[in-house]
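For reference, the structure is listed below as structure tokens.
2 protein chains.
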Amino acid sequence: MAKKRVLVVGGDGYCGWATALHLSTLGYDVAILDNLIRRHWDATHGIDTLTPIVPIERRIAAWQRKSGRTIELFIADVADYGALARAIEAYAPDTIVHFGEQRSAPFSMIDREHAVMTQTVNVTGTLNILFAMRDLAPEAHLVKLGTMGEYGTPNIDIEEGYIEIQHNGRRDVLPYPKQPGSFYHLSKVHDSDNISFACRIWGLRATDLNQGVVYGNSDETAGDPELLNRFDYDGLFGTVLNRFCVEAVVGYPLTVHGAGGQTRSFIDLRDTVACVELSIANPPDPGRLQVFNQFTEQFSVLELAERVHRVATRRGLTPTIEHRENPRVEREAHYYNAKNTSLLALGLQPHLLEDATIDAMLDLAERYRDRVDLAQIASHVQWAPGARARGASNLHAPAPIVPPDSTNLTPLRR
Amino acid sequence: MAKKRVLVVGGDGYCGWATALHLSTLGYDVAILDNLIRRHWDATHGIDTLTPIVPIERRIAAWQRKSGRTIELFIADVADYGALARAIEAYAPDTIVHFGEQRSAPFSMIDREHAVMTQTVNVTGTLNILFAMRDLAPEAHLVKLGTMGEYGTPNIDIEEGYIEIQHNGRRDVLPYPKQPGSFYHLSKVHDSDNISFACRIWGLRATDLNQGVVYGNSDETAGDPELLNRFDYDGLFGTVLNRFCVEAVVGYPLTVHGAGGQTRSFIDLRDTVACVELSIANPPDPGRLQVFNQFTEQFSVLELAERVHRVATRRGLTPTIEHRENPRVEREAHYYNAKNTSLLALGLQPHLLEDATIDAMLDLAERYRDRVDLAQIASHVQWAPGARARGASNLHAPAPIVPPDSTNLTPLRR
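Residue numbers (my numbering), protein chains in the order written: chain A, 17 to 430; chain B, 17 to 430.
Structure below.
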């Protein structure tokens, strides 16, 4: 493999940091571009990662000591085109891996300001990267992190980005219809649409990775305290498996929102970094947006709670499971069957969610138990604040989609 | 019909002004909210409407003198939430008709700044309206102007917003897949996705009107010089039929971009205002986004040129048709069959594009012939500037969509 230059945008984050180190291990030239805003948001929202993480400069220095490899650092905001363009001109990447977005659904649902900020910052950052590629790096490959949450929970199988539709005797392969469930997830759909267009008109090449919920550590981030990855368990940025592990360790009930039948896609961080590398090594032809679904397994929220309950009990803990009112508006029982064959066909060897993985997460939670702040666990952000008080009746019902026939037959009301 | 209060956002524009007057005629209470930015963009881009339009305050005063009806005016920007919220609190609309967006594809393609501005301004404005409705007017009905251009040119029939998909033995009714052709059209897709979500989680009601290209004047805007509507023929905001009419009158070739097989949907402004009123009178249930395709006929660009050529020749003019290089990246020959039955079922009586309509447009072009600025006619905005020079080969080919099968089988390249 020819040595290649990869710019990891958002390389100070959970997935970005692990990806940067993994690519560096494999012999890629790696640079990180990050505005460090996530650390600032932690501070301004009174939350913190369970695991202590050191400043990015110390992380990179530790990696250099340990591996002998250099990672270049650009402290810059993708929303600032001038700074982004200077970095791309200076570094001349062959691949841009783009994790640099506001990535939390609850954060985007706090209020109007957070919704608008999430969409404008994410959309602007991705547009800036596309224009920078057009003008400064037209041969580069954009590997963009999307989310499985873009698809929602349709009543048919979820394909990888596109679906063949037969309709009235004709057929076409079209973008898979999306039904995202938060203003954050919507921002990723907007990005996907913008990237697809830019590929089509400018001949750019891009890979959209619709990723499931990520858990665990990578080989590079585990072990060394200066390389340690963040572990979010709070109500804003925390993920469900992290939260359950922390709850089990501190003797807090495993809190299942609603019925717990919400089924989602999941992936081990070791597989995330492998998938990103497989994508880098397999760019599409110019003009094409290829879409991979990046996950290895599907679980319902209740299944995950039961898994953690079982493993924790075996360790001598005494966890309980408690259903709480669901702050989100979402289906709590639904069909869910998503395809993930593309990355497997490229060679991904999945790390499935084994008891040992949950044990490792519980180990981590126990090691940093003193840092747990119970006040951070609850999800205070309501998808529909005050809606029940207003008597809205359709919430939590299956998504109210209007079939063409019924709208056409709406009686005149005048 | 109970008298209803309608806030027309963007009511100083071509469709918005005609809609405000038509609703006022029908007995609705009407207010206009507009930031007048379009008049500013005309100035800053060195363009002007063929027809002279008077300031909004004089327009509204003229309407009051003529009709005896008052239209309230809010000079405000929907991107400024405080100003928008104050207007909604003060006016308490039953319906918000939202035309208040940057609505030109070439304008959005000028450069990065215009692309980012178009998407952030349009998306933010619509998000602001949705949050204002949630908090200040939850029973109101949003009538949002979208565009038929959201759909692109799929190889199957275009339905109205949703499509039933049979897949692997299951079925669902899902949002119709969109393939918009500019950063402007993309912004409308982003809006549609955001509105659909807001209806679902907050129980709001909205109607998305996917409108074709509009031409002509309404009954209210024709005749009185102070009520006269704008007539855009320039390369940024002008529409194809307006441009052909001006070209025919001044003896400039009717300029067809590319082969001219590009087929689009069209609608007479008299039908636009009728469709908006039908939508206002027929709101969906709370929690629902209903989608209507708002057009009456389909024409290819070349067909339109030939129509104008024929009518102009009959008037003694000597028009010619000339094919120019297409500044856009789009299919120039394609299947196109879009449904428009919903508004017909609600009672729309279409004004089809008759020779008399073209004659009226040619009359207008002749009346204001002295105001024609030939320098404004050309479309200088390239969809892919420099792309041919870079040797991109896929431009103008059918949209390069990656079928799932072929991406899955991409060979390893390492």
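Every residue, glycine too, gets a C-beta built ideally from N, C-alpha and C. Quick caveat: nothing in here was measured; it's all calculated off a predicted structure.
Cα separation between residue i and residue j?
i	j	result
serine 409 of chain B	glycine 168 of chain B	The predicted model places serine 409 of chain B with a pLDDT of 38, which falls under 50 and marks its position as unreliable; any figure quoted below should be read in that light. Rounded to the nearest angstrom, the two C-alpha atoms are 21 Å apart.
alanine 36 of chain A	lysine 20 of chain A	13 Å
phenylalanine 213 of chain A	arginine 385 of chain A	47 Å
arginine 406 of chain B	arginine 150 of chain A	Unreliable positioning characterises arginine 406 of chain B in this predicted model, as indicated by a pLDDT of 46, which lies under 50. A coordinate reading is not provided.
threonine 271 of chain B	alanine 264 of chain B	10 Å
leucine 364 of chain A	asparagine 298 of chain A	13 Å
serine 316 of chain B	leucine 380 of chain B	23 Å
glutamate 105 of chain B	leucine 152 of chain B	7 Å
tyrosine 30 of chain B	valine 70 of chain B	13 Å
arginine 404 of chain B	isoleucine 112 of chain A	At arginine 404 of chain B the pLDDT is 47, less than 50, meaning the model places this residue with poor confidence and gives no usable figure here.
leucine 390 of chain B	aspartate 371 of chain B	25 Å
valine 25 of chain B	valine 289 of chain B	14 Å
glutamate 180 of chain A	serine 358 of chain A	16 Å
asparagine 353 of chain B	isoleucine 172 of chain B	8 Å
glycine 251 of chain A	tyrosine 44 of chain A	36 Å
cysteine 261 of chain A	aspartate 188 of chain B	36 Å
glutamate 346 of chain A	serine 198 of chain A	10 Å
isoleucine 393 of chain A	aspartate 240 of chain A	26 Å
alanine 34 of chain B	proline 170 of chain B	32 Å
arginine 186 of chain A	glutamine 195 of chain B	17 Å
phenylalanine 123 of chain A	threonine 60 of chain A	12 Å
phenylalanine 115 of chain B	arginine 55 of chain B	15 Å
Could you work out which residues of chain A lie near residue i, taking near to mean beta carbons separated by less than 9 Å?
i	result
proline 191 of chain B	Pro193, Lys194, Gln195 and Ile417
isoleucine 63 of chain B	Here the premise fails: no neighbours, minimum Cβ distance about 24 Å.
histidine 38 of chain B	What histidine 38 of chain B touches in chain A: nothing, since even the nearest Cβ is about 15 Å away.
isoleucine 337 of chain B	What isoleucine 337 of chain B touches in chain A: nothing, since even the nearest Cβ is about 26 Å away.
Name the chain B residues whose beta carbon is nearer than 9 Å to that of residue i?
i	result
asparagine 356 of chain A	Simply none; closest approach about 10 Å.
May I ask whether a heavy atom of the ligand NAD can be found less than 7 Å away from the beta carbon of residue i?
i	result
leucine 368 of chain A	Among the ligands in the structure shown, none appear at all, so the ligand NAD cannot be discussed.
If residue i and residue j are in contact, beta carbons under 8 Å, what's the gap, nearest whole angstrom?
i	j	result
glycine 177 of chain A	aspartate 224 of chain A	6 Å
proline 366 of chain A	aspartate 287 of chain A	6 Å
asparagine 245 of chain B	threonine 67 of chain B	7 Å
Taking Cβ to Cβ, would you say residue i is nearer than 8 Å to residue j?
i	j	result
glycine 84 of chain A	glycine 219 of chain A	no
phenylalanine 308 of chain A	serine 295 of chain A	yes
isoleucine 91 of chain A	aspartate 50 of chain A	yes
alanine 222 of chain B	leucine 158 of chain B	yes
glutamate 73 of chain B	leucine 89 of chain B	yes
isoleucine 217 of chain B	alanine 400 of chain A	yes
glycine 232 of chain B	leucine 161 of chain B	no
tyrosine 97 of chain B	arginine 128 of chain A	yes
valine 397 of chain A	valine 266 of chain A	no
proline 109 of chain B	leucine 42 of chain B	no
threonine 279 of chain A	histidine 350 of chain A	yes
leucine 305 of chain A	isoleucine 211 of chain A	yes
histidine 38 of chain A	glutamate 293 of chain A	yes
histidine 206 of chain A	valine 139 of chain A	yes
threonine 142 of chain B	glutamine 227 of chain B	no
glutamate 338 of chain A	glycine 277 of chain A	no
valine 230 of chain A	valine 256 of chain A	no
List, in order along the chain, the chain B residues whose C-beta lies closer than 8 Å to that of residue i?
i	result
asparagine 258 of chain A	By Cβ distance, chain B contributes nothing, its closest Cβ being about 25 Å from asparagine 258 of chain A, past 8 Å.
arginine 128 of chain A	Tyr97, Leu143, Asn144 and Phe147
leucine 42 of chain A	Chain B residues near leucine 42 of chain A: none, gap ~10 Å exceeds 8 Å.
valine 345 of chain A	Arg216 and Ile217
leucine 243 of chain A	Result: empty, since nearest Cβ-Cβ is about 26 Å, beyond 8 Å.
Starting from residue i, find everything on chain A with Cβ-Cβ shorter than 7 Å and list it in chain order.
i	result
threonine 111 of chain B	Going along chain A, no residue has its Cβ under 7 Å from threonine 111 of chain B, so there is no contact; the nearest lies around 13 Å.
threonine 140 of chain B	Val132 and Thr136
tryptophan 399 of chain B	Ile217
valine 262 of chain B	Correct list: empty, because the minimum Cβ distance to chain A is about 28 Å.
isoleucine 283 of chain B	Simply none; closest approach about 18 Å.
At a CB-CB cut-off below 8 Å, which residues of chain A make contact with residue i?
i	result
arginine 186 of chain B	Asn171, Ile172, Asp173 and Tyr351
arginine 202 of chain B	Before going further, note that residue 202 of chain B is leucine rather than arginine in the sequence given. Correct list: His206, Asp209, Asn210 and Phe213.
Selection of the stretch 89-109 of chain A by Cβ proximity to chain B, strictly under 7 Å = Tyr97
Residues of the stretch 309-332 of chain B with a CB closer than 7 Å to any CB of chain A: list them in chain order, please.
-> Within the stretch 309-332 of chain B, no residue has a Cβ that lies closer than 7 Å to any Cβ of chain A.
Listed in chain order, which residues of the stretch 45-57 of chain A have Cβ atoms closer than 8 Å to some Cβ of chain B?
-> none
Looking at chain A, which residues of the stretch 380-393 of chain B have a Cβ within less than 7 Å of any of its Cβ atoms?
-> none
Check distances from the C-beta atoms of the stretch 204-228 of chain A to those of chain B and list, in chain order, the residues that come in under 7 Å.
-> Val205, His206, Asp209, Asn210, Phe213, Arg216, Ile217, Trp218 and Gly219
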